[in-house]
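If you're matching them up, the sequences are chains F and S in order.
When we follow this note's numbering, the leftmost residue of the first sequence carries the number 1, and every step to the right adds one.
When we follow this note's numbering, the leftmost residue of the second sequence carries the number 1, and every step to the right adds one.
Ideal Cβ placement from N, Cα and C applies to all residues, glycine included.
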Amino acid sequence: MLAHLHVHSPFSFLDGASSIQRLVARAAEMGVEALAITDHNNLSATVKLHKAAAQAGIKAIIGAEVTLEDGSHLVLLARDARGYANLCRLLTRAHLDHPRKEPRVSRSSLEELGEGLVVLSGCRRGEVAHLLLHGKYQAARAAASWYQQRFGRDYYLELGESYLPGSARLARLLRELAGQLGLELVLTGNVHYASGHDFWVHDILTCVRTLTRIDDICPERRLNAENYLKTREELLLACPGWERALEVAGEIGKSCGPVLDLKARVHPEFPLPAGENPAAVLRQLVGEGARRRYPRVSKNIKERLEHELDIICRLGFEDYFLLVWDVVQFARNRGIRHAGRGSAADSAVAYCLGITEVDAIGRGLLFERFMSLERAQLPDIDVDFDARHRDLVTQYVYGKYGKEHVATVCTYNTFQGRSAVRDIGKALGFPAGEIDALAKRLPWVKSGEIRDVLNLPELRVLQLDQDRLELLLDCCAQVAGHPRFLGTHLGGVVITRPPLVELTPLQLAAKGVTVTQFDKEDVEDLGLIKLDLLSLRTLSAVEDTVKVLELDYDRIPAQDRATYQLLNSGQTIGVFQLESPAQRALQSRLGADNLEDLVASVALIRPGPIKGNMVEPFVARRQGKEPVTYADPRLRRILAKTYGVVLFQEQVIEIATVIANFSPGDADRLRRVMTHARSHRDMGELGQKFVERAIANGTPPQVAQEIFTYMAGYASYGFCEAHAASFANTAYKTAYLVQHHPAEFFAAILSNSPMGYYPPGTIIVEARRRGVGVLRPSVNYSQASCEVQDGNIRIGLGQLRGMTRAGLESLLKARQAGPFLSLADFCARVSLPRPLYQSLVLCGAADDFGANRRKLLWELEDILAHEGPAGGFDLGAPGADWGGVEDFAFNEKLKFEYELLGMGMSGHPLEAVRDGLRKQGVVTGAELSGLGTGRLVKLAGYPVRPHRPPTRSGRITVFVSLEDETGLTDLTVFENIYHRSGQYLFTEPVLPLLVEGKLERRGQGVSITVRKLAPLVS
Amino acid sequence: MAKLVNQPVLVVTDGKRRPRRFFWIRHWIDVQSILEEWKDTGRWWDGETEKTFYRLAGNGGAVYEIFSDRRLNQWNLYRVLD
């Protein structure tokens, strides 16, 4: 057996240059029969290796190259399940008992947890090899003896030829040592990439890891390209006469058995009083919930609930549902606003338990999209919580099930376009300014297409060193998707019955959170139960609003006409999920008048439907401009609510059930396969199966084929209706708040920023457009958060960049004794750092003491003179008497306000130049509504969130909103204009633009098709 | 004491393309033994190609480091270590 026992994957974080799939594929090509991944101090590759190796017919061996307390390396392989559990415990201790990012395995832990492990002495950084290379033979012998005594025949001296200086001597000494101690030698490759051609990627990653540049000399960088996956012949060519050591590797490979039991039941038990049965408790709770939710629990409802409960209990998930119910109960009892999302809303049981707010029965949603006997997968319930209190909910879960059984799921933060450009650009020696400009202008592209960006106008103008840029982009493409570091999942918490440290190593993430070494997908593959406790700032904004208004959120009228008028106008900034330019454009012509329209809207504005050109036909049918037809009359019931268009995944399932007589579970499996089918052959096979069954079910062959073609076209775009319905519910209610309580809701949005699609500066422009005044922050009148005062939004002091919680508290406490009478009085009563005083003046919060902000700054310097030399802000020269100093100009004030608050308090920058613009024939966004369609117009403003969504034709179209003092105008920039002037759209800092274009009208919406685009020169 | 030479030299190799003797300062120097062998990719980003280095004992008692650049089909005497 040919076995490679020392291989690093990208989970060695910047020390492995080839993906697991590539390593496994190359190993399979070479006839490797067993492949161990031995990443530095983690097992994150475990699940992916298992899956890839199983597919390639290779034995996967789980291991790690651990760092010992003296900094030396040691390779540990799990021989069996006990060994795997011990390895998890060892790594957990290494991480949690030592400072973050410096995991160390202690010798005492090795002695205690060595059972089931195979130990290899490691690479040149292994203790034994290191001592031998430094001429300390006796010390090396003592070290090897220590391991031999603890691990006996499971300890091996590791030999790997990497054509480095000293290799021949090291090999001779290892052979001598093995002979003296009676140890076996094992031949490994110390592999860091699949092929020698990948060396350059590893070399650059090493520069990233060591924070060096490619021209620097760094001992960590490998001298040559020899750390690749070698064939038997290559290994023996490098180490002639070491056949036995290669055989030993094979013997170790053979001796390692499976370490993961993916079928083991590790789900948590919901704690119940002795004698209570979880299934019975669940039934009882669901029954009580049903009576609360439905005025009359009909036979139909009872049957549906019974059907769901039967599946839940047969699959053994009753504890899981109780667990989620309990968490939601905790939130409810604490008054923490929450809302279930995702496919769980397909469950009437979840609705009755109060987990979701979508009536699955009333909407006719299919439970099998969520759970089925056929699929028998772990259910995934996601719940959003008020962002400010989500951690409280998580703490409750930790407290209830214990730290031994609960951890947050990690995320693998991966190399993606911009982050890769920053890391790799630095390593390649690009100046910081060039990297920054490049990263900010880089669009999202697939890794294989990254070289295409060289032709984009916003990158062309940078005039970078072309050779280095190509090297940079090639490297970005190579490492795209490789893990960069472990992070914390936004809300995924895993709960297990056995101690978690036997299933996954744990480590600390950046915020001090204990995380697993597996991400959400790996956790699911391991069969662990995950609960998504997500934080949603929209819920925080809703909570703030309803609290101030004393409004019962649950009793917001369901069919409010004014709310639908707002939606139809397309002026939906601030509305959850419906505020992007594409959504606003849809709303302005859809003519939504019920919740179903909003559910469809949420599903329609996604890359798939847009690329598939589904939006226009849907709108045409919705407005009666196109006939709604059905290939089979049985489809009417399923597709009527979406005007004959297959929009939801649930519809695909139902079609397969009704037309081809699939069971709902099988139909969902069909849907999943269709969604992921990549080849025509796979789709052809599926189609044949569907058509055969449809014909057997009485469908004419031609109709069966037509229906399948239709389903196949939309299956990959389909959106989960339950999820769309959950979001649509919140969308409608936030639209109601925008329509009827804009001041309160916009104030809440600002207080909970960043949230939603737009920055705070755009939100206040919209507030003003709606007639809501916005008042500057004030040391005397503002609270910490934004709030409504006399119908206007008063900006909160918490919005100020650099404001600390302690500073805010001391200010508000001091003010309880009475308003501040002067700047001197303020400084005497509130102790803040000098830059914060200055910021308060510059953002206008100290205008209470005089409107001349520059003068206030000088006054501040006098007040703080006793504190020593001034710092922070350059006041310039005051002349003889600062009392007569001139205030900042309008634009200067605005600049400070945007820097410190993210919004303009004194007005909008365009106001200052409006008169001049009028003379040039430039109109405002608000004036467009009075102009005729097709007219050529000139506009000026700041581009907001330019983006290039995928288009069906593959051509580039940029959508961007232009903000002036009257609001937003949506622009469409086609490819020819983009190539000519795109660099002005994607710049940092954002430049004001002068735009010429043709006025278009679609529904109630107005937009401009741009013909000319240039920076605004005032 | 090491002396940097880094000049092309004529080399006679064995069947495995390892040096047997080389010509330097009007003399052929026989390789008594190869002490070490390693590879160095050099400044690959500037177009340099991989070199194989040999540290070897010559017949005069001195130690030499020579390298071959197979892509350029060239041998260089890199250093002489007395």
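By DSSP's criteria, residue 532/F is part of a beta bridge. Which residues make up the other side?
382/F, 492/F
Go ahead and label residue 190/F buried or exposed: buried means 16 or more other beta carbons lie within 10 angstroms of its beta carbon, across all protein chains shown.
buried
Could you tell me the alpha carbon to alpha carbon distance between residue 70/F and residue 430/F, rounded to whole angstroms?
About 36 angstroms.
Would the region 276 to 290 of chain F and the region 316 to 325 of chain F be scored as touching if the rule is three or more Cβ pairs under 8 angstroms?
Touching, per the Cβ criterion.
DSSP state of residue 174/F, grouped into three classes?
helix
Quick one: does residue 75/S have its CB under 8 angstroms from some CB of chain F?
No, no contact with chain F.
Cβ pair residue 87/F, residue 78/F closer than 8 angstroms
yes
Listed by chain order, chain S residues near residue 214/F by CB distance under 7 angstroms:
By Cβ distance, chain S contributes 45.
Would you verify that the beta carbon of residue 225/F is, or is not, closer than 8 angstroms to some beta carbon of chain S?
At least one chain S Cβ lies under 8 angstroms of residue 225/F.
For the alpha helix (DSSP H) that residue 685/F lies in, which residues bound it at each end?
680 to 696
My parser needs the alpha helix (DSSP H) runs of 4 or more residues fully inside the region 606 to 682 of chain F; what are they?
607 to 611, 615 to 622, 635 to 639, 649 to 660, 664 to 676
When you check each C-beta in the region 23 to 39 of chain S against every C-beta of chain F, which residues fall closer than 9 angstroms?
34, 35, 36, 37, 38, 39
What do you reckon, are the CB atoms on residue 993/F and residue 912/F nearer than 8 angstroms?
no
Confirm the yes/no value for this check: CB of residue 86/F, any heavy atom of the ligand MN, distance under 7 angstroms.
Absence of the ligand MN from the depicted structure is noted, as is the absence of any ligand whatsoever, leaving it without description.
Exposure label - residue 1026/F; buried when at least 16 CB within 10 Å
Not covered by the structure: residue 1026/F. The range shown for chain F is 1 to 1018.
By a C-beta neighbour count over all protein chains shown, 10 Å radius and 16 as the cutoff for buried, is residue 67/F buried or exposed?
buried
Return the CA-CA distance between residue 400/F and residue 720/F, expressed in angstroms with no decimal places.
A straight-line Cα-Cα distance of about 32 angstroms links residue 400/F and residue 720/F.
Which word fits residue 739/F, buried or exposed, when buried means at least 16 other C-beta atoms lie within 10 angstroms of its C-beta?
So residue 739/F ends up on the buried side.
What's the gap between the Cα of residue 349/F and the Cα of residue 604/F?
28 angstroms
Near-chain S residues of the region 150 to 167 of chain F - C-beta to any C-beta below 8 angstroms
163, 164, 165, 166, 167
Sequence ranges, beta strand (DSSP E) only - wholly within the region 915 to 964 of chain F, length at least 3:
936 to 947, 958 to 964
Span separating the alpha-carbon of residue 209/F from that of residue 600/F:
47 angstroms
At least three beta-carbon pairs within less than 8 angstroms, the region 664 to 678 of chain F to the region 367 to 376 of chain F
yes
With 7 angstroms as the limit, tell me which residues of the region 50 to 66 of chain S have their beta carbon closer than that to any beta carbon of chain F; keep them in chain order.
50
Among 976/F, 35/F, 616/F, 759/F, which residue has its Cα nearest to the Cα of residue 799/F?
759/F
Near residue 301/F, which residues of its chain fall below 7 angstroms by C-beta distance, leaving aside the five closest residues on each side in sequence?
290, 294, 361
Cβ of residue 13/S within 8 angstroms of any chain F Cβ
False, the Cβ-Cβ gap to chain F never drops below 8 angstroms.
Over what stretch of residues does the alpha helix (DSSP H) that includes residue 435/F continue unbroken?
432 to 441
Do residue 495/F and residue 406/F have their C-beta atoms within less than 8 angstroms of each other?
yes
Quick one: which chain S residues come within Cβ less than 7 angstroms of residue 199/F?
41
How would you write the range of the beta strand (DSSP E) that residue 67/S sits in, first residue to last?
63 to 69
Exposed or buried, what is residue 685/F when buried is set at 16 or more other beta-carbons lying within 10 Å of its beta-carbon?
Residue 685/F counts as exposed, since fewer than 16 other C-beta atoms from the protein chains shown sit within 10 angstroms of its C-beta.
Check the C-beta distance from residue 482/F over to residue 414/F and give it rounded, since I have them as a contact under 8 angstroms.
6 angstroms
For a cutoff of 8 angstroms on Cβ pairs, would you count residue 464/F as touching chain S?
Not a single CB atom of chain S sits nearer than 8 angstroms to the CB of residue 464/F.
Given a threshold of 16 other Cβ atoms within 10 Å of its Cβ, counted over all protein chains shown, does residue 488/F qualify as buried or as exposed?
buried
Are any of the Cβ atoms in chain S nearer than 8 angstroms to that of residue 76/F?
no
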